[in-house]
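First comes the structure, then the notes that go with it.
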Amino acid sequence: MARVVTDLARAQMRQGLRVVVACPREGSLPRSIAALGAEVRHWAAERGPGRSVPAETWTAHRLIGRVGPDVVHAHSAKAGLAGRLALRGRLPTVYQPHAWSFAAVEGPTARLVLAWERYAARWADRVLCVSDEERRTGERCGIRAAWTVVPNGVDLDAFPTFPIASPAEESSARQRAACRKSLPALSGVPAEAPLVVCVGRLCRQKGQRDLLRAWRRIAEQVPDAWLVFVGDGPDRPALTRQPHSRVRFAGGVADPSRWYAAADLVVQPSLWEGMALTPLEAMACGRPVVLTDVGGGRECLPPGQELECLVPPGDPDALATAVAGLLRAPRLRAYLGEAAQKHVRAEFDVQRTTSAVRRLYGELLDAGAHTTEKWTAR
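In my numbering, the protein residues as written are 179 to 556.
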C-alpha cells in the first residue's frame, strides 16, 4: 500500500495537484512521501481496530478540517474506518480497501467488519478496487457501492528489464550470478542453484507458512533448490523457529528489484489480496511467478499461464507441485518470464493507474454533489 500511495502522490504532484498524506510516523510511507516534497501530516493510528478508533477518528476529523482538501482518498481498512466516520459524506470521498478487511478475520469479528463495510459504503462517493475480483467479492458480500476498478500498476523505471535466464543464453546466466554475489543473504548459495524468492510482509495474509510446508516436498524433488524470504513482519519468529533445508530469511529491503533479478522463480502464496504488487514487479523484471488464485491473481497473469502458475490458496501440495515442476523446466520458465514481461509492460504501467485515479477525482468534483463551502472541523 505504501508503494501505491507513493506512486499516486508522485504522479499527482506532476499533474499540479496539492498532495497531503496523513499517516503514522512508523514505516516507509512518511519517508518516501517527504522525499517527493509532498506534505506529510502525522496521523497516530494502529494497524487494527480497537479502543483507539475514537481518538483516531477525532484526529482525522481535525486534520482534514485544517488541510481543507477537495477530495479525500482513504487507503486501507483503518483509514477507511476513521476517515469515513470523520467525514460522513461531507466531502468527496474515495475509499480504497486494498483487500477486504473481513477476509482477514473469522467468526463474529468477520460478521461485524462486514456489517460495517455494508453500512459505511454510503459515505464513499466511490469504492475503488484494484481488481474485478475484489469488486465482485464486495458485491457478493452485500456491499452496495458506486464502484470503480483501477488495477495496480508498476513503475517500469523502478523495475528495469533483466535478461531472462535461459540455458541457451550464457550472458544472462552470468549477469544473474553476478547479481546473486551482490546479495549478502545469498552467501554460500551456489551461483547455479535454482532459487525461489518470496517477497512480502511476513504475516498470515501472505501465506509464507504454506510455502514452508510446501518446501519439504519441493526440496525432495529439487534437492539443489534454495528458498529466500524477502521481508519482515510479525510472523518472522514463528517462521524461523525451526530450521529448514536451504531456506534463508533476508529481512526487509527498500528495493526488491535485485532479488527479482537473482531469482529463477518468484512465489506469492497469499491467502487473500486485492491485487498484489509483487507478482507485477517480478513479471516486469522478466521473472515467472507462481501465485494463489485470490484477489487479482488470475487477472494479472498473461492469458494461458493459469495452468502452470496459478494454485488454490491454502494448498501446500498444489503449491509444491507447481513450484517443483517449474524448477525442473528451465526452458519453460524462460518462456513464461518473457511472456509475463511483455504482458505487464503493456497492461500494468503505473502511469495508466495514476491517470485513471486522476480522472476519477475529476468526475467526483465535476459531479458537484457536495457543497462548495469549505468544510472545517470544529
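Virtual Cβ for every residue (Gly too), placed ideally from N, Cα, C.
Quantities reported herein were computed from a predicted structural model and do not represent experimental measurements.
Segment limits, beta strand (DSSP E) that includes residue i
i	result
residue 252	250–253
residue 377	373–377
residue 195	Run containing residue 195: none; DSSP gives neither H nor E here.
residue 327	325–327
residue 334	From DSSP, residue 334 is part of no beta strand (DSSP E); its letter is neither H nor E.
residue 543	Premise fails: residue 543 lies in the alpha helix (DSSP H), 528–545, not in any beta strand (DSSP E).
Cut-off 8 Å between Cβ atoms - residues of its own chain near residue i, not counting five sequence neighbours on either side
i	result
residue 417	380, 386, 387, 390, 407 and 427
residue 443	372, 373, 374, 375, 465, 466, 467, 468, 501, 504, 505 and 511
residue 187	197, 199, 211, 214 and 216
residue 437	361, 375, 377, 406, 408, 428 and 431
residue 322	296 and 299
residue 455	181, 182, 330 and 332
residue 294	259
Rounded C-alpha distance that separates residue i from residue j
i	j	result
residue 468	residue 183	26 Å
residue 318	residue 311	10 Å
residue 345	residue 332	With a pLDDT of only 49 at residue 345, under the threshold of 50, the placement of this residue in the model should not be trusted; the figure read from the coordinates follows. Approximately 28 Å between the Cα atoms of the pair.
residue 213	residue 185	12 Å
residue 258	residue 276	10 Å
residue 506	residue 441	14 Å
residue 394	residue 374	14 Å
residue 450	residue 411	17 Å
residue 495	residue 251	40 Å
residue 421	residue 248	53 Å
residue 208	residue 419	32 Å
residue 403	residue 367	9 Å
residue 361	residue 430	13 Å
residue 191	residue 235	27 Å
residue 536	residue 543	11 Å
residue 225	residue 256	7 Å
residue 243	residue 452	30 Å
residue 238	residue 296	21 Å
residue 425	residue 413	16 Å
residue 499	residue 365	28 Å
residue 327	residue 306	6 Å
residue 299	residue 232	19 Å
residue 509	residue 223	48 Å
residue 415	residue 546	51 Å
residue 268	residue 261	11 Å
residue 179	residue 253	8 Å
residue 206	residue 433	12 Å
residue 309	residue 289	23 Å
Identified DSSP bridge partners for residue i
i	result
residue 201	220
residue 467	444
residue 488	469
residue 165	The chain is shown only over 179 to 556; residue 165 falls outside these bounds and no answer can be derived.
Neighbourhood of residue i by C-beta distance below 6 Å, restricted to the same chain and skipping five residues each side
i	result
residue 397	423
residue 457	446, 467, 469 and 478
residue 491	449, 470 and 472
residue 475	469
residue 271	250, 265, 302 and 303
residue 460	438, 444 and 467
residue 245	198
7 Å Cβ cutoff, residue i in contact with chain C
i	result
residue 523	The question asks about chain C, but that chain is absent: this structure has only one protein chain.
Close Cβ partners of residue i (< 7 Å) along its chain, the five nearest in sequence each way excluded
i	result
residue 528	185, 331, 332 and 333
residue 462	332, 334, 337, 519, 522 and 523
residue 383	282, 448, 449 and 450
residue 122	Residue 122 is absent from the model: the chain starts at 179 and stops at 556.
residue 530	331
residue 488	469, 471, 475, 476 and 479
residue 357	436, 439 and 440
residue 539	249
Residue i - containing alpha helix (DSSP H), residue span
i	result
residue 385	That residue, residue 385, is in no alpha helix (DSSP H); it is neither H nor E in DSSP.
residue 495	494–505
residue 284	First-last for residue 284: undefined, no H or E at that position.
residue 483	Looking at the DSSP string, residue 483 is not in any alpha helix (DSSP H), and its letter there is neither H nor E.
residue 370	Looking at the DSSP string, residue 370 is not in any alpha helix (DSSP H), and its letter there is neither H nor E.
residue 512	508–525
residue 475	475–478
residue 462	455–462
Check: residue i C-beta below 6 Å from any heavy atom of the ligand MG
i	result
residue 333	As for the ligand MG, it is missing from this structure, which has no ligand bound.
Contained alpha helix (DSSP H) runs [length at least 4] in the stretch 215–272, N- to C-terminal order: List check, alpha helix (DSSP H) in window: 231–245 and 254–265.
Of all the beta strand (DSSP E) runs that stay within the bounds of the stretch 288–323, which reach a length of 3 or more residues? Entirely contained in the stretch 288–323, the beta strand (DSSP E) runs reaching 3 residues are, in chain order, 304–307.
Length-filtered (3 minimum) beta strand (DSSP E) runs lying within the stretch 403–450: Correct list: 404–408, 425–429 and 443–446.
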